[in-house]
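Asker: Dumping the structure here so I can ask a few things about it.
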Amino acid sequence: MKPDNLPSTSVLRCFEAAAKHQSYTVAAEELQVTQGAISRQIKELEALMGVTLFRREGRGIALTDAGRSFADRLSPDLERLRQSITLARAAGQGGKILSIAVLPTFATRWLVPRLPSFQKQYPDVQLTFYSRAEPFDLAAEGIDLAIQFGREEWGGITLAELCPEDLAVVAAPDLVARFQVTSPKDIMRLPRLHLLSRKSAWPQYVADLGLTRDDIMQGTLFDQFSTMIAAAIEGMGAAIVPSYLIETELTGGALKVLGRPKSQGQSYFVATRAGEVNLMAEAFKTWIRREARASFKQRSTAS
Numbered sequence: 001m002k003p004d005n006l007p008s009t010s011v012l013r014c015f016e017a018a019a020k021h022q023s024y025t026v027a028a029e030e031l032q033v034t035q036g037a038i039s040r041q042i043k044e045l046e047a048l049m050g051v052t053l054f055r056r057e058g059r060g061i062a063l064t065d066a067g068r069s070f071a072d073r074l075s076p077d078l079e080r081l082r083q084s085i086t087l088a089r090a091a092g093q094g095g096k097i098l099s100i101a102v103l104p105t106f107a108t109r110w111l112v113p114r115l116p117s118f119q120k121q122y123p124d125v126q127l128t129f130y131s132r133a134e135p136f137d138l139a140a141e142g143i144d145l146a147i148q149f150g151r152e153e154w155g156g157i158t159l160a161e162l163c164p165e166d167l168a169v170v171a172a173p174d175l176v177a178r179f180q181v182t183s184p185k186d187i188m189r190l191p192r193l194h195l196l197s198r199k200s201a202w203p204q205y206v207a208d209l210g211l212t213r214d215d216i217m218q219g220t221l222f223d224q225f226s227t228m229i230a231a232a233i234e235g236m237g238a239a240i241v242p243s244y245l246i247e248t249e250l251t252g253g254a255l256k257v258l259g260r261p262k263s264q265g266q267s268y269f270v271a272t273r274a275g276e277v278n279l280m281a282e283a284f285k286t287w288i289r290r291e292a293r294a295s296f297k298q299r300s301t302a303s
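Just so you know, we're using the UniProt record's numbering here: the sequence shown kicks off at 1 and counts up by one.
Here it is in structure tokens:
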């Protein structure tokens with residue numbers, strides 16, 4: 001393939017979808033085209049590149065080594081292209097642009113309800129949000145600001161503390177009543193909900209209580225705080241979650257605080273590009289840190 005003989009974006013989108021789902025049928029449904037159209041686009045791409053990207057595997061398909069290598073590199077490139085188009089459109093409409101990467105559950109349960117306050121102060125700012133939970137290069141991806149947990153170095157960033165992590169052991173009131181939980185040690189009677197990225201939460205809490213439990217890791221596992229919180233609300237078990245994610249549920253009585261794990265000294269941070277001056281990023285950082293302080297103070301007063 002000649003360097004200037006690049007495939008069309010429609011061909012690349014077809015490959016991206018097929019690679020993601022390992023299925024022409026599901027890719028066709030996602031892109032709202034026929035399965036035959038997906039197959040033709042893939043064949044066109046393979047002919048252009050001179051390699052086989054998929055192989056037949058039973059009644060389905062699977063990526064070849066070349067296909068896997070290409071998919072791993074293509075997806076972030078297409079995402080950057082989408083971001084560039086979005087930002088260019090916003091710039092063409094006038095006003096200032098601010099791109100923000102944020103932890104998904106933090107965004108939906110804490111940040112979004114407070115955004116009208118920022119928009120009221122800065123009505124001409126175009127906000128663009130992206131979900132991120134893993135380290136990445138802000139400058140390379142065109143992101144102005146990110147919300148992250150912990151001091152893990154992402155490279156090329158400046159960190160400002162947003163708020164300390166404030167954990168709570170919570171459960172639905174009906175579940176608490178059914179298991180007659182009246183003290184922190186009684187919590188061990190309840191089914192337990194676990195977060196895959198925080199597997200040490202329950203063992204640490206039990207150790208702090210001076211208890212020993214061989215079955216502490218039994219229970220249901222989740223990969224997102226949002227789904228674990230939903231399960232706790234439905235009475236599936238007790239969960240250890242940051243208090244800021246459940247402010248509404250605590251105020252409304254959908255969840256009850258049963259205990260407060262000892263602080264592990266972890267915090268949430270606002271990350272901005274090191275060595276760059278972005279006035280809108282600084283304005284957003286100032287605003288969100290003020291909101292976080294008010295939120296933390298309100299929770300501390302309530303407890």
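Every residue, glycine too, gets a C-beta built ideally from N, C-alpha and C.
Which partner residues does residue 216 have in the DSSP bridge list?
Answerer: As a working note, residue 216 is residue 216 in the sequence shown. Beta-bridge pairing links residue 216 to no other residue.
Asker: What ranges does the alpha helix (DSSP H) occupy inside the UniProt domain "HTH lysR-type" (7 to 64), keeping only unbroken runs of at least 4 residues that lie completely in it?
Answerer: 9 to 21, 24 to 31 and 35 to 49
Asker: For the beta strand (DSSP E) that contains residue 273, what are its first and last residues?
Answerer: Mapped onto the sequence shown, residue 273 falls at position 273. First-last of the beta strand (DSSP E) with residue 273: 267 to 273.
Asker: State the start and end residues of the unbroken beta strand (DSSP E) segment that holds residue 224.
Answerer: Along the sequence shown, read from residue 1 onward, the residue named residue 224 stands at position 224. Run containing residue 224: none; DSSP gives neither H nor E here.
Asker: With distance defined between alpha-carbon atoms, name the residue in 224, 104, 74 and 65 nearest to residue 8.
Answerer: Within the sequence shown, the letter at position 8 stands for residue 8. Ranking the options by Cα distance to residue 8, first place goes to 74.
Asker: Ignoring anything shorter than 3 residues, give me the beta strand (DSSP E) runs that lie fully in the region 126 to 159, in order along the chain.
Answerer: 145 to 149
Asker: Can you say whether residue 69 is buried or exposed, counting buried as having 16 or more other CB atoms within 10 angstroms of its CB?
Answerer: Numbered from 1 along the sequence shown, position 69 holds the residue referred to as residue 69. Residue 69 counts as exposed, since fewer than 16 other C-beta atoms from the protein chains shown sit within 10 angstroms of its C-beta.
Asker: What's the gap between the Cα of residue 21 and the Cα of residue 52?
Answerer: Residue numbering aside, residue 21 sits at position 21 when the sequence shown is read from its first letter. Residue numbering aside, residue 52 sits at position 52 when the sequence shown is read from its first letter. Answer to the nearest angstrom: the Cα atoms are 17 Å apart.
Asker: Considering only their Cβ atoms, is the gap separating residue 268 from residue 149 smaller than 7 Å?
Answerer: In the sequence shown, the residue the question calls residue 149 occupies position 149. In the sequence shown, the residue the question calls residue 268 occupies position 268. Yes; because the gap between Cβ atoms is below 7 Å, this pair is in contact.
Asker: By the DSSP assignment, the beta strand (DSSP E) with residue 96 in it spans what residues?
Answerer: Looking up residue 96 in the sequence shown gives position 96. Start and end: 96 to 102.
Asker: Is the beta carbon of residue 249 sitting closer than 7 Å to the one on residue 255?
Answerer: As a working note, residue 249 is residue 249 in the sequence shown. As a working note, residue 255 is residue 255 in the sequence shown. The answer is yes: Cβ separation under 7 Å.
Asker: Pull up the DSSP beta-bridge partners for residue 192, would you.
Answerer: Within the sequence shown, numbered from 1, the residue matching residue 192 stands at position 192. Beta-bridge pairing links residue 192 to 238.
Asker: In angstroms, rounded to a whole number, what distance separates the CA positions of residue 62 and residue 29?
Answerer: Taking the sequence shown and counting its residues from 1, the one referred to as residue 62 is at position 62. Taking the sequence shown and counting its residues from 1, the one referred to as residue 29 is at position 29. Between residue 62 and residue 29, the C-alpha separation is close to 18 Å.
Asker: When you compare each of 237, 276, 220 and 147 to residue 104 by their alpha carbons, which one comes out closest?
Answerer: Position 104 of the sequence shown, counted from the first residue, corresponds to residue 104. Among 237, 276, 220 and 147, the Cα nearest to that of residue 104 belongs to 147.
Asker: What number of angstroms, rounded off, separates the C-alpha of residue 294 from the C-alpha of residue 239?
Answerer: Mapped onto the sequence shown, residue 294 falls at position 294. Mapped onto the sequence shown, residue 239 falls at position 239. Cα to Cα, the separation comes out at about 25 Å.
Asker: Have a look at residue 166 and residue 263 and give me their C-alpha separation to the nearest angstrom.
Answerer: Here the question's residue 166 lines up with position 166 in the sequence shown. Here the question's residue 263 lines up with position 263 in the sequence shown. Roughly 7 Å separates the two Cα atoms.
Asker: Any idea what DSSP makes of residue 162, helix, strand or coil?
Answerer: Reading the sequence shown from its first residue, position 162 is the one you call residue 162. DSSP places residue 162 in strand when its eight states are reduced to three.
Asker: DSSP beta-bridge partners for residue 171?
Answerer: As a working mapping, residue 171 is identified with position 171 in the sequence shown. DSSP, once it has assigned bridges, lists 256 as partnering residue 171.
Asker: Assuming residue 41 contacts residue 11 (C-beta within less than 8 Å), just tell me the rounded distance between them.
Answerer: In the sequence shown, the residue the question calls residue 41 occupies position 41. In the sequence shown, the residue the question calls residue 11 occupies position 11. About 5 Å; that satisfies the 8 Å criterion.
Asker: Quick one: Cα of residue 27 to Cα of residue 71, how far?
Answerer: Translated into the one-based positions of the sequence shown, residue 27 becomes position 27. Translated into the one-based positions of the sequence shown, residue 71 becomes position 71. Straight-line Cα distance between these residues: approximately 14 Å.
Asker: Alpha helix (DSSP H) containing residue 202: first to last residue?
Answerer: Indexing the sequence shown from 1 puts residue 202 at position 202. Where residue 202 is concerned, the enclosing alpha helix (DSSP H) stretches over 201 to 208.
Asker: Select from 199, 183 and 179 the residue whose C-alpha is nearest the C-alpha of residue 190.
Answerer: In the sequence shown, the residue the question calls residue 190 occupies position 190. That would be 179, whose Cα lies nearest to the Cα of residue 190.
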